[in-house]
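Comments concern the structure below.
Residue numbers (this note's numbering): 243 to 726.
So this is what it looks like as C-alpha cells:
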C-alpha cells in the first residue's frame, strides 16, 4: 500500500515542495470516466496566481538537487520503479476508469514505464564530458585544454497527454531528474488522477521537497502562464500539433521537446508478405482505439495487391472485441464525446465523397466501432487529417512514387511503415520519406524507449529517447585551461 497520503477519498491534491496541497481557490475539476460517466476523482483547478509558487519552489530546490551525485539520483529513480511495479494493479485500475484503456494495456504501460525508469537511471550515469587539446587545431599547438561536462538546464516543465499519462510523464520526468533538473509536472486534465498516482510513487521514493512539483488544472487556464514563466528553463510537451505550435510561439529561446500529431502511412508494395503486413497494420491502427500519435492512420497499397491485403485485414478487424475497458475489450470508448464527434465527421465526409465502407461506421455515444474504408481518395479529409480514433482508410496507388508523394504531402512527419521483401527497394523508399522514423515490415510505434524518437514538420521538435532526452535536458559547459 502507498505510504504517501495525497487524497481524501476521491479528492486529490497537488504536490508543492514536498506537501500535498489543495488549491486556495477551492475550485476543482471533476474527472469522469469516459466509459460510464462515473466520478473518478476531483483535482485542484489551479489558478495562474497559485502556479507561481510551484515554479519558484522547483527553481529553489534544483540548486541543491544538482549537487546530489548522479548515482544517488539514480538510486531514487530505481526505488520509484520498484514502487511502481508494486502498485501496478492499483494504478492500472485507475487507468481503466479514467481513460478507458483496457486492463491488459494499462498493466503493459506501467511495466514499460518501470523499465524506462530503470534504464534511465543507469543511462544517467553514462553521460560524460570530454577533454580537447588545442594542438589538434592549426596555429595553437599545446597551449589550451578544454574540459567540458554536461550540466542541467534548471527547471523542466513536463506536460503529458491523456493517452499515456504514466509512460509519457516518466519519459520526460525521469531523464530530467537524473540529469539534475527539477520538474514542474502538468498532467493532462483527463488523466490527472493517474498522473497523481505516479507522482505519489516518485514522492515515496524519496525525492527531496520541490524537486518534483505537480500542478493540475485546465491547460487554457494555466498553460500559457507556465510555459512562459521566466524560471522555466525547458518545456517538454506531448499533445496536439495545434497546442505544440502555440507553445513554441510563447517560449522564445527556451529549449523545447515537442511530441505532436501524426498521419502515419503504411506503404505496402507488391512483393510484401501481405499476411504479415495485415497483422501489423491492424495492431498499429486500432491499439487503444487508435488514440496514439504513432497509430497507422492510412494504408497506401499498390493496386494489384490491394484486394488481397484487404482480404487479410478484414477478418482481423471483425475479430476485434468492442466494449468496456474493464472487460478487456480491444476497442473501447474514446476519451470524450467531442473526440467521437470529430471521428464521425471524417467518416461522414468519406461516405459522402464515395469511399467504400468495408466495416464499421457504428457509434454508441463516444464508442466508435472499428471502421475500414477502401477506395479513399486524396480529396477526402480522412486521407489527411488525424482522427485519433479507430478508423482506417485504404488508398490505392499505382506507383511507389505516388505512395511517397502522398506520404510526404502531409503536414505531419512522424513515422511511416514500408512492407516489402526487397531490402534494397525498402532503403530507397525510406530515403525518400520525410518522416522521423521508417519502420520496415512492422507497425509504426514508439520504442523501445532508448531508440531515438523524432517528429518533423508538424509532428514535433527535438529528439527523444532515453539518452537523447537526457542530452536535450542538459547543456555543455566548458572550462578552458591556458598554458602560458
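C-beta atoms are modelled at their ideal positions from N, C-alpha and C, and glycine is treated no differently.
Quick one: what's residue i bridged to in DSSP?
i: residue 458; result: Its beta-bridge partners do not exist; DSSP assigns none.
i: residue 386; result: 724
i: residue 427; result: 400, 456
i: residue 573; result: 564
i: residue 252; result: Looking at the DSSP assignment, residue 252 forms no beta bridge with any residue, so it has no partner.
i: residue 501; result: 480, 702
i: residue 719; result: 391
i: residue 615; result: 599, 635
i: residue 695; result: 706
Could you pull the start and end residues of the alpha helix (DSSP H) that residue i belongs to?
i: residue 658; result: No alpha helix (DSSP H) holds residue 658; the beta strand (DSSP E) holding it covers 657 to 661.
i: residue 590; result: 579 to 594
i: residue 353; result: 345 to 366
Residue i: buried (16+ other C-beta within 10 angstroms of its C-beta) or exposed?
i: residue 378; result: exposed
i: residue 653; result: exposed
i: residue 271; result: buried
i: residue 380; result: exposed
i: residue 462; result: exposed
i: residue 481; result: buried
i: residue 455; result: buried
i: residue 292; result: buried
i: residue 723; result: exposed
i: residue 243; result: Unreliable placement is indicated for residue 243, whose pLDDT of 45 sits below 50; no coordinate value is reported for it.
In angstroms, rounded to a whole number, what distance separates the CA positions of residue i and residue j?
i: residue 332; j: residue 521; result: 32 Å
i: residue 668; j: residue 542; result: 15 Å
i: residue 452; j: residue 294; result: 13 Å
i: residue 687; j: residue 553; result: 24 Å
i: residue 251; j: residue 278; result: 20 Å
i: residue 427; j: residue 260; result: 14 Å
i: residue 357; j: residue 414; result: 14 Å
i: residue 465; j: residue 306; result: 27 Å
i: residue 471; j: residue 280; result: 36 Å
i: residue 484; j: residue 490; result: 10 Å
i: residue 707; j: residue 678; result: 13 Å
i: residue 431; j: residue 478; result: 17 Å
i: residue 618; j: residue 577; result: 26 Å
Thinking C-alpha only, which one of the options is nearest residue i?
i: residue 395; options: 715, 720, 723, 719; result: 715
i: residue 319; options: 282, 412, 283; result: 412
i: residue 322; options: 516, 485, 596, 419; result: 419
i: residue 537; options: 711, 505, 366; result: 505
i: residue 702; options: 569, 592, 488; result: 488
i: residue 404; options: 442, 460, 365, 638; result: 460
Let's see if you can read the secondary structure: which residues bound the beta strand (DSSP E) around residue i?
i: residue 262; result: 261 to 263
i: residue 273; result: 270 to 274
i: residue 727; result: Because the chain in this structure spans residues 243 to 726, residue 727 falls outside the shown range and cannot be described.
i: residue 598; result: 598 to 601
i: residue 538; result: 538 to 544
i: residue 289; result: Segment: none, residue 289 is in no beta strand (DSSP E) and carries neither H nor E.
i: residue 308; result: Looking at the DSSP string, residue 308 is not in any beta strand (DSSP E), and its letter there is neither H nor E.
i: residue 335; result: Unbroken run through residue 335 is the alpha helix (DSSP H), 330 to 341; no beta strand (DSSP E).
i: residue 527; result: Looking at the DSSP string, residue 527 is not in any beta strand (DSSP E); the run it does join, the alpha helix (DSSP H), is 516 to 528.
The ligand SAH and residue i: does any heavy atom of the ligand fall closer than 6 Å to the residue's C-beta?
i: residue 521; result: As for the ligand SAH, it is missing from this structure, which has no ligand bound.
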